[in-house]
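Novice: Going by the working numbering, the first residue of the sequence shown is number 1143, and it counts up by one from there.
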Amino acid sequence: MDIILLLKVVILGVVEGFTEFLPISSTGHLILVGDLLDFNDERGKAFEVIIQFGAILAVCWEFREKLLKVASSFVTSANSRRFVLNLIIASIPAMGLAFIFGKHIKAILFSPVPVASALIVGALIIFWVERRQEKLNTTHSHIHSVDDLSYLDALKVGIAQCAALIPGTSRSGATIIGGMLFGLPRAVATEFSFFLAIPVIGGATAYELLKLWKNPVAISGEFGLAIAIGFVAAFISAFICVRWLIHYVAHHNFLPFAWYRIIFGLLVLGTSYSGLIAWSQ
């Protein structure tokens, strides 16, 4: 593998890991960075989806005790069964819409300008929800952990997640901010977003791998090695990010991320319309 390709896959892996669970849109960042690095062809897009599973493995490792407990007590524990069913319920809306409209969304919205616009709109929603949270204090006192979520709570978060089909919106942002909008505590909404990423992104990764499996030449040699390196980079950076975010949400709000989204979105729009950067259309 030449040094240029190595740098590209490491950069994209690190970007994926650090942005997957923050409310700033990992897909949006990968589209933008991939465009800058000229790594946005069909194989590049497949690479970006597959390395997301490295970030998911970081969540599985961080919450391994919880996941092992649920797996071992699924038959005997009502709480464990409800936890799994909540993940299934919350996954269905977005996965269903992605199956129906995924190709059309990719064809129309997977480019820098729509991503930048979604970053800015998403920031305004974060500002609104955070201010609403401060004024109304709508948090349900009976919800202290993800085990306290009802099926209706899970469905509401799942519906909110559908917004993330628009690149630049952020899957974690949609689920966390959506959960807060529906009255979940910030820490619980964040933790549920971690767990919800497992079936949603795991399913997307499996789908991309299945498409590549039908064309084994596509993942042989240099591209296969690129996927492996990007996967490891995403795992390491995501693990660091998850550890940090768990502590962050205990004492802080998401307003800094909203400001980041606005600044980054305006920067992309400014460079696009001024012609300073020839973003793809």
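Each residue gets a CB set at the ideal place from its N, CA and C atoms; glycine is no exception.
1. In this structure, does DSSP put residue 1420 in helix, strand or coil?
2. Please list the segments of the alpha helix (DSSP H) lying wholly inside the region 1296-1323, counting only runs of 4 or more residues, in order along the chain.
3. Quick one: residues in its chain with C-beta nearer than 7 Å to the C-beta of residue 1228, no 5 flanking neighbours on either side, listed in chain order?
4. Candidates 1385, 1170, 1146 and 1383: which alpha carbon is nearest residue 1187's?
5. Cutting at 8 Å between CB atoms, please list the residues of its own chain near residue 1216, excluding the five before and the five after it.
6. Please return the same chain residues whose Cβ sits closer than 6 Å to the Cβ of residue 1397, not counting the five positions on each side in sequence.
7. Once DSSP output is grouped into helix, strand and coil, what is the label at residue 1253?
8. Using 9 Å as the threshold, is the C-beta distance between residue 1409 and residue 1312 below it?
9. Can you look up residue 1169 in the DSSP assignment and give me helix, strand or coil?
10. Between residue 1307 and residue 1243, is the Cβ-Cβ spacing less than 9 Å?
11. Have a look at residue 1162 and residue 1219 and give me their C-alpha separation to the nearest angstrom.
Specialist: If we stick to the structure as given:
1. Of the three classes helix, strand and coil, the one that applies to residue 1420 here is coil, per DSSP.
2. Runs of the alpha helix (DSSP H) inside the region 1296-1323: 1313-1323.
3. Within the same chain, residue 1228 has close Cβ partners 1291, 1293 and 1296.
4. Ranking the options by Cα distance to residue 1187, first place goes to 1170.
5. Closer than 8 Å at Cβ, skipping near neighbours: 1222, 1223 and 1226.
6. So the qualifying residues of the chain are 1272.
7. In the structure shown, residue 1253 sits in coil (DSSP, three-state: anything other than H, G, I, E or B).
8. Going by C-beta atoms, residue 1409 is not nearer than 9 Å to residue 1312.
9. Correct three-state label for residue 1169: helix.
10. In this structure, residue 1243 lies closer than 9 Å to residue 1307 by Cβ.
11. Going from the Cα of residue 1162 to the Cα of residue 1219 covers about 31 Å.
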